[in-house]
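Undergrad: So the protein lines, in turn, are chains X and U.
Converting from the first sequence to this note's numbering requires adding 108 to each position, the first position being numbered 1.
Converting from the second sequence to this note's numbering requires adding 15 to each position, the first position being numbered 1.
Built from N, CA and C at the ideal position, the CB exists for glycine as well.
All values derive from a computational prediction rather than experimental measurement.
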Amino acid sequence: MPKDGGIGASTKRREDVRFLTGTGRYTDDINLPGQAYVHFVRSDVAHGRIRSIDPSTAEGMPGVLKVFTSKDFEAAGGIPCGWQITSRDGSVMQEPKHPILAEGVVRHVGDPIAAIVAKSREQARDAAEALEIDIEELPAVMNMREALKDGAPQVHDSLDSNLCFDWGFVEENREAVDTAIREAAHVTTLELVNNRLIANPMEPRVAIGAYDMAADSHTLYTTSQNPHVIRLLMGAFVLNIPEHKLRVVAPDVGGGFGSKIYHYAEEAFCTYAAKVLRRPVKWTSSRSEAFMSDAHGRDHVTKIELALDADHNFTALRTETHANMGAYLSTFAPAVPTWLHGTLMAGNYRTPLVYVNVKAVFTNTVPVDAYRGAGRPEATFQLERVVDKAARELGIDPVELRRKNFITEFPYATPVAVEYDTGDYHATLDKVLEISDWAGFDARLEKSRARGKLRGIGLAHYIEACGIAPSNLVGQLGARAGLFESATVRVNATGGITVMTGSHSHGQGHATTFAQVVADMIGIDASQVEISHGDTANTPMGMGTYGSRSIAVGGSAMVKATEKIIAKARKIAAHMLEASADDIELKDGAFTVAGTDKSLNWGDVTLAAYVPHNYPLDEIEPGLEETAFYDPANFTFPSGAYVCEVEVDPETGKVEVQGFAAADDFGNVINPMIVEGQVQGGLAQGIGQALLEACAYDDDGQLLSASYMDYAMPRAYDFPMFKVDSSCRTPCTHNPLGVKGCGEAGAIGSPPAVVNAVIDALHRAGHEIPHIDMPMTPNRVWSAIHGGAGPDKDGETMEERSVGA
Amino acid sequence: MYDFEFMKPSSLDEAVAALAEEDAQLLAGGQTLLPTMKQRLAMPSKLISLKDIPDFSYVKAEGDTLTIGGGTTHRQVSEEAESAFPGLASLAGRIGDPAVRNRGTIGGSLANNDPAACYPAAVLATGATVITNRREIPADEYFQGMFTTALDEGEIITAVRFPIPEASRYEKFAQPASRFPMVACFVAKMNGGVRVAVTGASEEGVFRWSEAEEALTATFSADALEGLAHPANGMISDIHGSGEYRAHLIGVMTKRAVLHLT
Ligand SMILES: Cc1cc2nc3c(=O)[nH]c(=O)nc-3n(C[C@H](O)[C@H](O)[C@H](O)COP(=O)(O)OP(=O)(O)OC[C@H]3O[C@@H](n4cnc5c(N)ncnc54)[C@H](O)[C@@H]3O)c2cc1C
Numbered sequence: 109m110p111k112d113g114g115i116g117a118s119t120k121r122r123e124d125v126r127f128l129t130g131t132g133r134y135t136d137d138i139n140l141p142g143q144a145y146v147h148f149v150r151s152d153v154a155h156g157r158i159r160s161i162d163p164s165t166a167e168g169m170p171g172v173l174k175v176f177t178s179k180d181f182e183a184a185g186g187i188p189c190g191w192q193i194t195s196r197d198g199s200v201m202q203e204p205k206h207p208i209l210a211e212g213v214v215r216h217v218g219d220p221i222a223a224i225v226a227k228s229r230e231q232a233r234d235a236a237e238a239l240e241i242d243i244e245e246l247p248a249v250m251n252m253r254e255a256l257k258d259g260a261p262q263v264h265d266s267l268d269s270n271l272c273f274d275w276g277f278v279e280e281n282r283e284a285v286d287t288a289i290r291e292a293a294h295v296t297t298l299e300l301v302n303n304r305l306i307a308n309p310m311e312p313r314v315a316i317g318a319y320d321m322a323a324d325s326h327t328l329y330t331t332s333q334n335p336h337v338i339r340l341l342m343g344a345f346v347l348n349i350p351e352h353k354l355r356v357v358a359p360d361v362g363g364g365f366g367s368k369i370y371h372y373a374e375e376a377f378c379t380y381a382a383k384v385l386r387r388p389v390k391w392t393s394s395r396s397e398a399f400m401s402d403a404h405g406r407d408h409v410t411k412i413e414l415a416l417d418a419d420h421n422f423t424a425l426r427t428e429t430h431a432n433m434g435a436y437l438s439t440f441a442p443a444v445p446t447w448l449h450g451t452l453m454a455g456n457y458r459t460p461l462v463y464v465n466v467k468a469v470f471t472n473t474v475p476v477d478a479y480r481g482a483g484r485p486e487a488t489f490q491l492e493r494v495v496d497k498a499a500r501e502l503g504i505d506p507v508e509l510r511r512k513n514f515i516t517e518f519p520y521a522t523p524v525a526v527e528y529d530t531g532d533y534h535a536t537l538d539k540v541l542e543i544s545d546w547a548g549f550d551a552r553l554e555k556s557r558a559r560g561k562l563r564g565i566g567l568a569h570y571i572e573a574c575g576i577a578p579s580n581l582v583g584q585l586g587a588r589a590g591l592f593e594s595a596t597v598r599v600n601a602t603g604g605i606t607v608m609t610g611s612h613s614h615g616q617g618h619a620t621t622f623a624q625v626v627a628d629m630i631g632i633d634a635s636q637v638e639i640s641h642g643d644t645a646n647t648p649m650g651m652g653t654y655g656s657r658s659i660a661v662g663g664s665a666m667v668k669a670t671e672k673i674i675a676k677a678r679k680i681a682a683h684m685l686e687a688s689a690d691d692i693e694l695k696d697g698a699f700t701v702a703g704t705d706k707s708l709n710w711g712d713v714t715l716a717a718y719v720p721h722n723y724p725l726d727e728i729e730p731g732l733e734e735t736a737f738y739d740p741a742n743f744t745f746p747s748g749a750y751v752c753e754v755e756v757d758p759e760t761g762k763v764e765v766q767g768f769a770a771a772d773d774f775g776n777v778i779n780p781m782i783v784e785g786q787v788q789g790g791l792a793q794g795i796g797q798a799l800l801e802a803c804a805y806d807d808d809g810q811l812l813s814a815s816y817m818d819y820a821m822p823r824a825y826d827f828p829m830f831k832v833d834s835s836c837r838t839p840c841t842h843n844p845l846g847v848k849g850c851g852e853a854g855a856i857g858s859p860p861a862v863v864n865a866v867i868d869a870l871h872r873a874g875h876e877i878p879h880i881d882m883p884m885t886p887n888r889v890w891s892a893i894h895g896g897a898g899p900d901k902d903g904e905t906m907e908e909r910s911v912g913a
Numbered sequence: 016m017y018d019f020e021f022m023k024p025s026s027l028d029e030a031v032a033a034l035a036e037e038d039a040q041l042l043a044g045g046q047t048l049l050p051t052m053k054q055r056l057a058m059p060s061k062l063i064s065l066k067d068i069p070d071f072s073y074v075k076a077e078g079d080t081l082t083i084g085g086g087t088t089h090r091q092v093s094e095e096a097e098s099a100f101p102g103l104a105s106l107a108g109r110i111g112d113p114a115v116r117n118r119g120t121i122g123g124s125l126a127n128n129d130p131a132a133c134y135p136a137a138v139l140a141t142g143a144t145v146i147t148n149r150r151e152i153p154a155d156e157y158f159q160g161m162f163t164t165a166l167d168e169g170e171i172i173t174a175v176r177f178p179i180p181e182a183s184r185y186e187k188f189a190q191p192a193s194r195f196p197m198v199a200c201f202v203a204k205m206n207g208g209v210r211v212a213v214t215g216a217s218e219e220g221v222f223r224w225s226e227a228e229e230a231l232t233a234t235f236s237a238d239a240l241e242g243l244a245h246p247a248n249g250m251i252s253d254i255h256g257s258g259e260y261r262a263h264l265i266g267v268m269t270k271r272a273v274l275h276l277t
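1. Please report the Cβ distance between residue 86 (chain X) and residue 760 (chain X), rounded to the nearest whole angstrom; I am assuming they are in contact, meaning their Cβ atoms lie under 8 Å.
2. Hey, how far is the Cα of residue 125 (chain X) from the Cα of residue 606 (chain X)?
3. If you measure from the beta carbon of residue 391 (chain X) to each beta carbon in chain U, is any gap under 8 Å?
4. Going by alpha carbons, who is nearest to residue 323 (chain X) out of X:350, X:300, X:298?
5. Of the residues that make up the segment 756 to 774 of chain X, which ones have a beta carbon closer than 7 Å to any beta carbon in chain U?
6. Measure from the C-beta of residue 185 (chain U) to each C-beta in chain X and report whether the shortest distance is under 8 Å.
7. In terms of residues, what are the limits of the alpha helix (DSSP H) holding residue 674 (chain X)?
8. Answer yes or no: the CB of residue 45 (chain U) versus the heavy atoms of ligand 1, is any distance below 7 Å?
9. Between the Cα of residue 139 (chain U) and the Cα atoms of U:221, U:259, U:270, U:238, which residue gives the shortest distance?
10. Look at the alpha carbon of residue 490 (chain X) and the alpha carbon of residue 484 (chain X), and state the distance between them as a whole number of angstroms.
11. Strictly below 8 Å CB to CB, what residues from chain U border residue 890 (chain X)?
12. Determine the extent of the alpha helix (DSSP H) in which residue 385 (chain X) is found, giving its start and end residues.
13. According to the Cβ coordinates, are residue 594 (chain X) and residue 665 (chain X) closer than 8 Å?
14. Under three-state DSSP, which class holds residue 320 (chain X)?
15. On the criterion of 16 or more Cβ atoms from any shown chain inside 10 Å, does residue 592 (chain X) qualify as buried, or is it exposed?
16. Give me the Cβ distance between residue 358 (chain X) and residue 642 (chain X), rounded to the nearest whole Å; I'm assuming they're in contact under 8 Å.
17. Cβ-heavy atom distance between residue 169 (chain U) and ligand 1 below 7 Å?
18. Quick check on residue 407 (chain X): does DSSP put it in helix, strand or coil?
19. List, in chain order, every chain X residue whose beta-carbon is nearer than 9 Å to that of residue 253 (chain U).
20. Going by Cα to Cα distance, which pick from X:338, X:345, X:556 is closest to residue 355 (chain X)?
21. Look at the Cβ atom of residue 855 (chain X), then the Cβ atom of residue 775 (chain X), and state whether they are nearer than 8 Å.
22. If I measure Cβ to Cβ from residue 471 (chain X) and keep anything under 6 Å in the same chain, skipping five residues before and after, which residues do I get?
23. Are the segment 686 to 702 of chain X and the segment 557 to 573 of chain X in contact at 8 Å, needing three or more beta carbon pairs?
24. Output, in sequence order along the chain, the residues in the segment 177 to 210 of chain U whose CB is closer than 7 Å to any CB in chain X.
25. By the criterion of Cβ-Cβ separation under 7 Å, what are the contact partners of residue 60 (chain U) in chain X?
26. Do residue 155 (chain X) and residue 306 (chain X) have their CB atoms nearer than 8 Å?
27. Is DSSP giving residue 489 (chain X) helix, strand or coil here?
28. Please name the residue, chosen from X:191, X:168, X:212, that lies closest to residue 178 (chain X) on a Cα-to-Cα basis.
29. Helix, strand or coil, according to DSSP, for residue 164 (chain U) in the structure here?
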């Protein structure tokens, strides 16, 4: 019997009532009295020197309050980067200043040059057209390998080169890996691109700054996944505002996918301008602006080599990746290709030796940051593609090759510095083979052939490190912040509960799942529990939501705080029942003296806490409110097995996903329906990356995929019904709920499954094509089959492959 | 958007008079014009809505012709042309999405003449006639290249008159992002022979593929197209498809249209 409440129940998402009836409260729904509007004037060239800005005409336009340029921000700091990477030679990464408004040089299309604040949005825009800016265009560098050559245009004159860092991991393994590859019975090599993506959350970014002169305090309303992080970064590093004078509110947020982690210049601008102008300043991004100013994702070019012995055991793995940083470093950018990527290169396999080299490169493109999976999809993609290719080269079953090399004993210390606590990779593999009807493929193949279509099936495994992260560990790895999480559980006099969490919900359904956990622990109905998040004024300092960390880290903090509540309530109950606290049992919301029928309801005890007439005031304080901070002991390691089945139209190259099955091990599951929804969304994004989505630049740095006319978002009809299963469960051993996190899995495991399926379809039809880059557009697949030209900018050599080139 | 005036005339004459003003522009479904204005790429001083003009929105079949009012929405065509001219109804039912089809009009589409628009293929393949407030323009003269038509300043498309083909089929291969045609072919089996019009592919906009027309007029079967390949020069090449690929798709889409009809 499925439960109808508490942990494990597929309770309906309570937040959807608001969202589906149009009563959500998003940042753009907030309008403050007297607010002014800012329009950012952005660069339309990829690289250029600002010769002059003449604001005089613009300043005189109707409604204009002020034209801001970098001169107005001389006292402010640059937008900070949250992570510092150390190169192989021991030097720290090159870190250019990222000004709020361009200081003399523009470095990507969309880089803000000036900001015009006016009484209306249209007036600001009108004035922007009258702003006279003289820019000398400079040569732009788009391609990472070109950027590293001598004489390449320099994105930042202040740096030695366009190389941000050159990271080796594990450096001590380097020689052993080289030797093992040299001496291997077989080596499979693959060169591939992980395509640059634009996150495209449904809600574009918005920021409103407000200043209270009497209190000398600032408020920023913003579309963020982590309001406390914004408060810390913006207050301490950019604007020099102490945290008690700065409140950051991220109300309902319509999707983030990582692109709303970053502390953006527009946030600092609005906060600052509100004080200068003594009135609230609002910015609402247009969709066009979002394409060229939201942090992009991925953009890696990789060569991977897998060594096998004569018995097909993996003996070593070597990768070399060029990771595009864009023109500046965003909050997480340096961590993505390094610690969030290199540490996952062992995958689900016992490969004893792994060496990962990553060269991070500046180019004249929009900065990248974390995007759903952040580093882990890039690791999984290379690994699962090269394993599939190895199986094909060796003529063995890709299922068997994986099984043979699976890690089976836990805990397992990988050669890339992490320890998997639990997992059962055979279980998820068995499950996915079952639900995808892998065995029945041949019959479906015949049917496709009869229709003139090619058909293929592809498998991929993944492992991810979630629940980031142990603060002491990430501190050693270069993180400039802690990665704990927090919760305050406030029990009201009549028993209802408000939980203030540092996690942020922007689609994840925390209001529902978090309430299920607290209600279950106490034994009351979930309707008694309300979840509050997103406002630094009333939530304890938390690090926000990304990296599938909310239930594993935020949920654990909430459990710890609730445990404190229960311990105290038990003492109060013991006093009231004249028994020892040790003898008090809490079950179904009632405190009972063990072995007796003496009992009190939850509400009786909570009332006593606030009406302490009969109360042990000499022993415990009145009230019932507890806060806990939780810092995890380790990452969590969700894993899973995905199967994709495709049909390819050989005449047009169009790929149609015919079936997709996902078997995930998320440890314990709080709400299976919400988990399934998270996986489905992730699959849509992952399949979108594999087949449709591509951020494309031309050689001059113009963004070609700058609107939905050219950036292909997946639509519902691009997919079949997914089969999603989370019944394989090896609970996490080091957090109280035994949970692992589920937000990113779908986007991590699906791209290689799709590519493996397409390659399989082509091979079955006699087209021995080793690889096709994502997105596998009809033109690319057709070209692979027929040897014709790819779409514009295709067909270049590995040397030339990188974003836009 | 820039500021503009808005008017909704209740007669064609009034609209024609208003259009004489400098920078005045007609507004039909707004599905092309409004996004352009939001981007500030168009700045009409006055918008003249065609919504209230009487007898501007209809689908009328008479004998072997089908006449469609200039302000008829794609949705209306997809429903009301179904029995008389199913090939056209099917084309209209695949333009954009329901929101676009409920507002966008045949007149707007033809006036705009986007090189990837759907209607131009049907109009050219059937040799239809574009009727304006001033004259009648045969399809072969109407389309004059990307976003360029025979329309003069101040001219309003009031109707389109299609000769109804014996059989017709529109095969559309969608560009993955916009879902406009990357390449689409309209094959019309007319009284005097077969006509094939191609949209989405060429830098010159919609065009007729005369070799395929000749081959299909001789024998109306997919086999007749065997060995015919459209050359790649002059074809659009962009991030979605090379000129060579588009040229190839012309052959595939034409063949599929014929297969559908045979
Ligand atoms: C998301 C989306 C998807 C789309 N997909 C497709 C697709 O797959 N295939 C396709 O063909 N189209 C597609 N379109 C375009 C759509 O069909 C438009 O409706 C059409 O191109 C313009 O028609 P309209 O009535 O909206 O014209 P408007 O936008 O109102 O006007 C367009 C132009 O025509 C002029 N005009 C309008 N009516 C007349 C008239 N009667 N006489 C003279 N000039 C006139 C206007 O002044 C303006 O210059 C899509 C549009 C959108 C937004």
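TA: Judging by the given coordinates:
1. Only positions 109 to 913 of chain X appear in the structure, and residue 86 (chain X) is not among them; the question remains open.
2. 19 Å
3. no
4. X:350
5. Hits within the stretch, in order: 759, 760.
6. no
7. Unbroken alpha helix (DSSP H) run through residue 674 (chain X): 663 to 685.
8. Yes, since a heavy atom of ligand 1 falls inside the 7 Å radius drawn around the Cβ of residue 45 (chain U).
9. U:221
10. 10 Å
11. In chain order: 260, 263.
12. 373 to 385
13. yes
14. strand
15. buried
16. 5 Å
17. no
18. coil
19. 812, 818, 899, 900
20. X:338
21. No, the pair does not count as a contact, with Cβ atoms beyond the cut-off.
22. 249, 250, 255, 432
23. no
24. 188, 191, 192, 193
25. For residue 60 (chain U), there are no neighbours in chain X by C-beta distance under 7 Å, as the nearest C-beta there is about 15 Å away.
26. No; because the gap between Cβ atoms is not below 8 Å, this pair is not in contact.
27. helix
28. Closest option to residue 178 (chain X), Cα to Cα, is X:212.
29. strand
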